[in-house]
Amino acid sequence: MTDIPLIELHLHLEGAAPPAFIRGLAQEKGINLDGVFNEDGSYRFDDFVGFLRTYEAATTVLTGPEEFRRLTLAVLEQSAAQGVIYTEAFVSPNFCGGGDLGAWREYVAAMKEAADQMERDAGIIMRGIVTCIRHEGPDAAKPDALCAAETMGDFITGFGMGGDEAVGVQGDYAYSFDMAREAGLRLTTHAGEWGGAASVWQAVRDLKVERIGHGVQSIEDPALVDHLAEHGIVLEVCPGSNVALGVFPQWSQHPIERLRERGVPITVSTDDPPFFHTELTREYDMLADTFGWDEEVVREVNKTAAKAAFCDAATREKLLKKLEPADV
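The C-terminal residue of the sequence shown carries number 384 in the working numbering, and the numbering is unbroken.
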């Protein structure tokens, strides 16, 4: 299956940072990251809150545009090695200049420089989705949306929200999503990872997004599943992440195949791969072992991803062409 080109729509740029890369930066800068790593060098956390804490601690070494240029190169090299031809990465002004527009522009330029280099050298295409951080609150989301709107273009193409789903409700952030929509950005948000089916309804109705990050708890509500299928609302599913964090206890209980069979457009991503000891090829291997996915299903899922990608029509056509079998 690894011969099929892969498309990833749900990847947090900082969360995809190889642990060795973060440790190396920490040593360069003399930053103490005690408690961030296990003895084997992997990221340390016990639950979702602990994951967020470790994630944010690790990002403290990313102190300027140059670090984000290097990070983008490291992440795209990692993805290209997995056969990924297109990826969308979540990037947050909160981690890139603290929401200051002038600083954010410099970070975007640095990330785009690295993305352009990797497209030339490895053929992998990257687009950025600006995310506000839910547990920072609705007011903190507004400068993030402004940063997204002001830098929208051929690299920054979307706006979304990550963070702790236990804080507030989706509709609290409608102002920021409306700002992004009016600027022409495509919209997604994390929902239904922890907040239940109700959070997905809120995202669809109050934020009017076209994609949902995770969305797997939609399976709890048959009417919601029907709605997602009928309206073509795409789920950015990250099975390995869901199992690692305990959203579902094991792969066999994950609802991705039930959702697909019900007609919900689903895609497959890794979320924060080094945190969850996964890679995109491993996700597909596990889906083959658990649910019997064959090459036809893998190709179908990646075509869904290409059609749902926040990119221009020419890029989409290029991706779809690469996903056609060689003998077509």
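Here a beta-carbon is modelled for each residue, glycine too, at the ideal position from N, C-alpha and C.
No experiment lies behind these values; they were computed from the predicted model shown.
Closest to residue i by CA distance: which of the options is it?
i, options, result
"Phe104", "Glu133, Arg314 and Glu221", "Glu221"
"Glu95", "Tyr111, Glu112, Ala76 and Gly106", "Ala76"
"Thr360", "Pro295, Leu263 and Leu291", "Leu291"
"Ala178", "Arg314, Met342, Arg190 and Pro61", "Pro61"
"Ile189", "Leu132, Gln173, Ala247 and Arg176", "Ala247"
"Glu144", "Gln306, Glu339, Thr326 and Ala370", "Thr326"
"Ala73", "Ser135, Gly106 and Lys378", "Ser135"
"Val320", "Leu343, Val293, Ala344 and Glu373", "Val293"
"Glu266", "Glu249, Ala285 and Ala253", "Ala285"
"Phe151", "Gly209, Ile141, Leu69 and Gln173", "Leu69"
"Val391", "Leu315, Lys264, Trp307 and Val260", "Because the chain is modelled from 57 through 384, residue 391 falls outside the range shown and cannot be assessed."
"Pro149", "Asp228, Leu127, Gly139 and Lys198", "Lys198"
"Tyr111", "Asp368, Pro329 and Pro305", "Pro329"
"His287", "Gly227, Lys264, Gly302 and Pro305", "Lys264"
"Leu375", "Tyr142, Leu108, Asp59 and Leu127", "Tyr142"
"Thr64", "Ile289, Met217, Arg176 and Gln138", "It should be pointed out that residue 64 corresponds to Glu in this sequence rather than to Thr. That would be Gln138, whose Cα lies nearest to the Cα of Glu64."
"Asp368", "Gly209, Asp172 and Gly155", "Gly209"
Within a Cβ cutoff of 6 Å, which residues of the same chain sit near residue i, ignoring the five residues on either side of it in sequence?
i, result
"Leu129", "Ala170"
"Val164", "Thr207"
"Ala159", "Gly153"
"His191", "Gly219, Asp220 and Val223"
"Gln273", "Gly248, Gly252 and Ala253"
"Asp228", "Pro194"
Under 8 Å by Cβ, that's how I've got residue i and residue j pegged, so tell me the actual separation to the nearest angstrom.
i, j, result
"His66", "Gly251", "Contact doesn't hold; Cβ gap of about 16 Å is too wide."
"Phe331", "Tyr99", "5 Å"
"Val186", "Val147", "6 Å"
"Pro295", "His310", "5 Å"
"Leu379", "Ala362", "6 Å"
Excluding five sequence neighbours on each side, which residues of the same chain lie with their C-beta closer than 7 Å to the C-beta of residue i?
i, result
"Arg125", "Ala166, Met167, Glu169 and Ala170"
"Glu313", "Phe347"
"Tyr161", "The residue you asked about is not Tyr; residue 161 is Arg in the sequence shown. Cβ neighbours of Arg161 beyond the five flanking positions: Thr207."
"Glu122", "Ala166"
"Phe107", "Phe101, Leu301 and Phe331"
Would you mind reading off the limits of the alpha helix (DSSP H) that contains residue i?
i, result
"Ile312", "Ile312 to Glu317"
"Glu119", "Note on identity: in this sequence residue 119 is Thr, with Glu being the wrong assignment. Note, Thr119: premise wrong, no alpha helix (DSSP H); not H, not E."
"Thr334", "Careful: Thr334 lies outside any alpha helix (DSSP H) and carries neither H nor E."
"Thr207", "Pro194 to Thr207"
"Arg161", "Leu157 to Ala178"
"Leu81", "Pro75 to Lys85"
"Val256", "Gly252 to Gln258"
"Val281", "Pro278 to His287"
"Thr371", "Ala369 to Lys378"
"Glu292", "Here Glu292 belongs to no alpha helix (DSSP H); instead the beta strand (DSSP E) covers Val290 to Val293."
"Phe233", "Ala230 to Ala239"
By the DSSP assignment, the beta strand (DSSP E) with residue i in it spans what residues?
i, result
"His270", "Arg267 to His270"
"Phe146", "Val140 to Val147"
"Gly218", "Ile212 to Gly218"
"Ala247", "Arg242 to Ala247"
"Gly184", "Ile181 to Ile189"
"Val354", "Counting along the chain, Val354 falls outside any beta strand (DSSP E), though it belongs to the alpha helix (DSSP H) covering Glu351 to Ala364."
"Glu385", "No answer is possible for residue 385: the residues shown for the chain start at 57 and end at 384."
"Val52", "Lying outside 57 to 384, the shown extent of the chain, residue 52 is not represented and no answer is given."
Cβ of residue i less than 8 Å from any chain C Cβ?
i, result
"Pro330", "Of the chains in the structure shown, none is chain C; there is only one protein chain."
Spatial neighbours of residue i within its chain, please: CB distance less than 8 Å, with the 5 preceding and 5 following residues excluded, ordered by chain position.
i, result
"Gly97", "Pro75, Ala76 and Arg79"
"Val225", "Ser255, Gln258 and Asp262"
"Asn88", "Ala82"
"Glu238", "Ala205"
"Ala113", "Leu89, Gly91 and Val92"
"Thr334", "Gly296, Ser297, Ala300 and Thr326"
"Lys85", "Val117 and Thr119"
"Ile180", "Leu132, Ser135, Ala136, Val140, Ile141, Tyr142, Thr143 and Met174"
* Asked: Taking one C-beta from the stretch 237 to 250 and one from the stretch 208 to 222 each time, how about it: are there three or more such pairs within less than 8 Å?
  -> yes
* Asked: Does the pairing of the stretch 109 to 119 with the stretch 341 to 355 give three or more beta-carbon distances under 8 Å?
  -> no
* Segment contact flag, the stretch 227 to 240 with the stretch 274 to 285, C-beta cutoff 8 Å, min 3 pairs -> no
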